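Novice: Here it is: the structure, laid out below.
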Amino acid sequence: MSRTHGLTTLAILHHVTAALALLAMAGKAANPFADNGDFILVMGICAFAFFSVIVRRGWANIDGGSANLSPAKAQWFLFIPFFNFYWVFPALVSLATQTNAKAAAGNVPAGGLTWGFGLVIAILFCVTSLTDLHPSLAWLHLLIYAVYLGFTATYIWQIRRAAAAFDTTSAPPLREPSKMPSVGVAGIIYGSGIAVLLLIALGKFALLSQAGITSRLEAKGYSVRVVEHDGFQGFVGRAVLKEAGVIEIRELRVYSRGNKVGGVYLATGNLVGNAEEIIAMKMSTRAARSGNTILFKAYTNDPDKEDIDVQSWVNSF
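The sequence shown runs 75 to 391 under my numbering.
Okay, here's the thing in structure tokens:
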């Protein structure tokens with residue numbers, strides 16, 4: 075198999091997936107209420123998975139280099155939590171060093187990689203993991219991730235160019251990886267991503283139902299009381315709920331040892347398709363939908379948490 079086999083396809087798949095993640099990040103930064111965090115995470119991981127395959131092929135181009143590093147090790151160690159913050163440096167920076175050494179030894183000028191690109195990508199990989207920790211850093215995270223993708227895309231095509239140069243002036247042909255075509259890699263990565271998104275969606279659906287919330291809280295020692303409401307926030311509130319198709323309003327109040335520690339409002343009825351968006355926008359609240367139920371105005375006793383993300387509210391207990 076030639077060194078360039080499938081690399082163009084893998085590069086395009088990486089760029090498309092990374093672009094989807096970047097666009098979703100921009101939407102999240104512009105609208106903090108956007109519920110696309112899971113999509114961003116999964117697309118980001120899928121894009122990194124494609125990149126890791128290309129890194130593996132980079133090491134295979136030079137048969138592991140003078141360090142005789144296994145291409146499979148170079149790839150899979152990138153997925154070890156926390157350790158990958160270290161491993162990304164030898165995987166990318168040493169790849170450039172070893173590739174340049176092979177190009178110099180074989181007198182293949184077009185076979186070199188830019189050493190600094192590998193270093194910048196490794197640093198930005200670590201930085202983006204930190205800027206993604208808090209919503210207030212959303213715009214900074216978006217900017218840094220965009221720069222990271224720019225360097226990554228350039229490095230990918232350098233690896234492709236080096237592979238073509240080695241194919242032309244040297245060989246034997248590439249032995250690693252020898253069985254998995256790029257279409258198969260795409261199927262595995264995208265298939266895994268879709269499966270994860272479905273599992274997350276099903277898990278959220280169960281967790282954000284009244285029964286799911288109640289059982290979870292009671293399992294942790296809390297008690298839950300349901301209070302019926304005729305409307306919400308007077309005439310304006312009732313008008314908004316009517317527009318969204320809401321018929322009933324209930325409040326789940328959470329108690330710990332007899333003391334109220336938080337609560338959330340639940341709206342049900344003949345909900346329109348964008349009911350949660352209507353409630354979130356016109357009532358200036360955070361809202362989440364689970365089937366035919368909308369949860370909004372989640373709060374705790376903390377004065378700074380009077381209207382918080384519903385998922386965060388559930389996880390706070």
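Note that the Cβ used here is the ideal one computed from N, Cα and C, for glycine as well. Bear in mind the structure is a predicted one, so any value in this text is a computation, not a measurement.
1) Compare the C-alpha of residue 282 against each of 339, 304, 329, 263 and name the closest.
2) Of the choices 229, 223, 144, whose alpha-carbon is the least far from that of residue 166?
3) By DSSP, does residue 329 sit in helix, in strand, or in coil?
4) Would the region 160-178 and the region 134-143 be scored as touching if the rule is three or more Cβ pairs under 8 Å?
5) Compare the Cα-Cα distances from residue 222 to each of 371, 380, 89, 82 and report the closest residue.
6) What whole-angstrom Cβ distance do residue 187 and residue 204 have, given they're in contact under 8 Å?
7) Between the region 88-104 and the region 208-227, are three or more C-beta pairs nearer than 8 Å?
8) Mind checking which residues open and close the beta strand (DSSP E) that includes residue 223?
9) Does the separation of the CB atoms of residue 194 and residue 159 fall below 7 Å?
10) Are there 16 or more other CB atoms within 10 angstroms of the CB of residue 183, so buried, or fewer, so exposed?
11) Quick check: the Cα distance between residue 258 and residue 82, rounded to an integer number of angstroms?
12) What are the boundary residues of the alpha helix (DSSP H) that includes residue 93?
13) Taking residue 210 as the reference, give the member of 342, 105, 319, 238 with the closest Cα.
14) Where do the ends of the beta strand (DSSP E) carrying residue 131 lie?
15) Output needed for residue 274: all residues of its chain with C-beta closer than 7 Å, excluding positions within five of it in sequence on either side, in chain order.
16) By how many angstroms is the C-alpha of residue 374 removed from the C-alpha of residue 391?
17) Start and end of the alpha helix (DSSP H) containing residue 141?
18) May I ask you to list the residues that DSSP assigns as paired with residue 351?
19) Beta strand (DSSP E) containing residue 298: first to last residue?
20) How far does the alpha helix (DSSP H) with residue 364 in it reach, from first residue to last?
21) For residue 350, does the count of other Cβ atoms within 10 angstroms reach 16, so buried, or fall short, so exposed?
22) Leaving out five residues on either side along the sequence, give the residues of the same chain with a beta carbon under 7 Å from the beta carbon of residue 118.
23) Looking only at its own chain, which residues have a Cβ that is under 8 Å from the Cβ of residue 141, when we skip the five neighbours before and after it?
24) Taking 7 Å as the CB-CB cut-off, is residue 169 touching chain B?
25) To the nearest angstrom, how far is it from the Cα of residue 163 to the Cα of residue 200?
26) Using a Cβ-Cβ cutoff of less than 7 Å, which residues in the same chain neighbour residue 343 once the five nearest sequence positions on both sides are dropped?
27) How far does the alpha helix (DSSP H) with residue 202 in it reach, from first residue to last?
28) Whole-angstrom Cβ separation of residue 326 and residue 287, contact assumed at under 8 Å?
29) Does any heavy atom of the ligand NAP sit closer than 6 Å to the C-beta of residue 340?
30) Helix or strand or just coil, what does DSSP make of residue 312?
31) Return the CA-CA distance between residue 197 and residue 206, expressed in angstroms with no decimal places.
32) Can you list, in chain order, the residues of its chain whose CB lies under 7 Å from that of residue 241, leaving out five sequence neighbours each side?
33) Using a 10 Å radius around the Cβ and a threshold of 16 neighbouring Cβ atoms, would you call residue 355 buried or exposed?
Specialist: The relevant details are as follows:
1) Residue mapping note: residue 282 aligns to position 208 of the sequence shown, counting from 1. Taking only the C-alpha atoms, the option nearest residue 282 is 339.
2) Reading the sequence shown from its first residue, position 92 is the one you call residue 166. Nearest of 229, 223, 144 to residue 166, Cα basis: 229.
3) Here the question's residue 329 lines up with position 255 in the sequence shown. Strand at residue 329.
4) With the cut-off at 8 Å, the region 160-178 and the region 134-143 touch.
5) Mapped onto the sequence shown, residue 222 falls at position 148. Checking every option, the nearest Cα to that of residue 222 belongs to 89.
6) Translated into positions along the sequence shown, residue 187 becomes position 113. Translated into positions along the sequence shown, residue 204 becomes position 130. Going by Cβ atoms, the distance from residue 187 to residue 204 rounds to 26 Å, so no, they are not a contact pair.
7) yes
8) Counting from 1 along the sequence shown, the entry for residue 223 is found at position 149. Counting along the chain, residue 223 falls outside any beta strand (DSSP E), though it belongs to the alpha helix (DSSP H) covering 212-243.
9) As a first step, residue 194 must be located in the sequence shown, where it is residue number 120. As a first step, residue 159 must be located in the sequence shown, where it is residue number 85. Cβ atoms of residue 194 and residue 159: not closer than 7 Å.
10) Your numbering for residue 183 matches position 109 in the sequence shown. Result: exposed.
11) As a first step, residue 258 is located in the sequence shown; it is residue number 184 there, counting from the start. As a first step, residue 82 is located in the sequence shown; it is residue number 8 there, counting from the start. Each residue's Cα considered, the two are about 14 Å apart.
12) As a working note, residue 93 is residue 19 in the sequence shown. Residue 93 -> alpha helix (DSSP H) spans 81-104.
13) Translated into positions along the sequence shown, residue 210 becomes position 136. The option with the nearest alpha carbon to residue 210 is 105.
14) Here residue 131 corresponds to residue number 57 of the sequence shown, with the count starting at 1. Careful: residue 131 lies outside any beta strand (DSSP E), inside the alpha helix (DSSP H) at 111-135.
15) Translated into positions along the sequence shown, residue 274 becomes position 200. Correct list, in chain order: 112.
16) Position 317 of the sequence shown, counted from the first residue, corresponds to residue 391. Position 300 of the sequence shown, counted from the first residue, corresponds to residue 374. Using only the alpha carbons, I get a separation of about 10 Å.
17) Taking the first residue of the sequence shown as position 1, residue 141 is located at position 67. Looking at the DSSP string, residue 141 is not in any alpha helix (DSSP H), and its letter there is neither H nor E.
18) Indexing the sequence shown from 1 puts residue 351 at position 277. BP columns for residue 351 are empty, so no partner.
19) To locate residue 298, count along the sequence shown from 1; it is residue 224. 297-303 is the extent of the beta strand (DSSP E) around residue 298.
20) The count along the sequence shown starts at 1 and reaches residue 364 at position 290. Bounds of any alpha helix (DSSP H) do not take in residue 364; it lies within the beta strand (DSSP E) bounded by 361-364.
21) Position 276 of the sequence shown, counted from the start, is the residue given in the question as residue 350. With a 10 Å radius around the Cβ and a threshold of 16 neighbouring Cβ atoms, residue 350 comes out buried.
22) Here residue 118 is taken as the residue at index 44 of the sequence shown, counted from 1. Result list for residue 118: 95, in chain order.
23) The residue you call residue 141 lines up with position 67 of the sequence shown. Hits under 8 Å: 168, 172.
24) Of the chains in the structure shown, none is chain B; there is only one protein chain.
25) Position 89 of the sequence shown, counted from the start, is the residue given in the question as residue 163. Position 126 of the sequence shown, counted from the start, is the residue given in the question as residue 200. Going by the C-alpha atoms only, they are around 10 Å apart.
26) Working through the sequence shown from its first residue, we reach residue 343 at position 269. Result list for residue 343: 319, 320, 321, 322, in chain order.
27) One-based indexing of the sequence shown puts residue 202 at position 128. It spans 189-205 - the alpha helix (DSSP H) in which residue 202 sits, taken as one unbroken run.
28) Here residue 326 refers to the residue found at position 252 of the sequence shown. Here residue 287 refers to the residue found at position 213 of the sequence shown. Indeed, because the Cβ distance is near 6 Å, the residues count as touching under 8 Å.
29) Inclusion of the ligand NAP in the displayed structure is not the case, the ligand content being empty and no account of it being possible.
30) If you number the sequence shown from 1, residue 312 lands on position 238. Looking at residue 312 - three-state DSSP - the assignment turns out to be helix.
31) Here residue 197 refers to the residue found at position 123 when the sequence shown is read from its first residue. Here residue 206 refers to the residue found at position 132 when the sequence shown is read from its first residue. Between residue 197 and residue 206, the C-alpha separation is close to 15 Å.
32) Working through the sequence shown from its first residue, we reach residue 241 at position 167. Short of 7 Å from the beta carbon of residue 241, and not among the five residues preceding or following it, lie these beta carbons of its own chain, in chain order: 76, 77, 78.
33) Position 281 of the sequence shown, counted from the first residue, corresponds to residue 355. The residue in question, residue 355, is exposed, as its Cβ has fewer than 16 Cβ neighbours within 10 Å.
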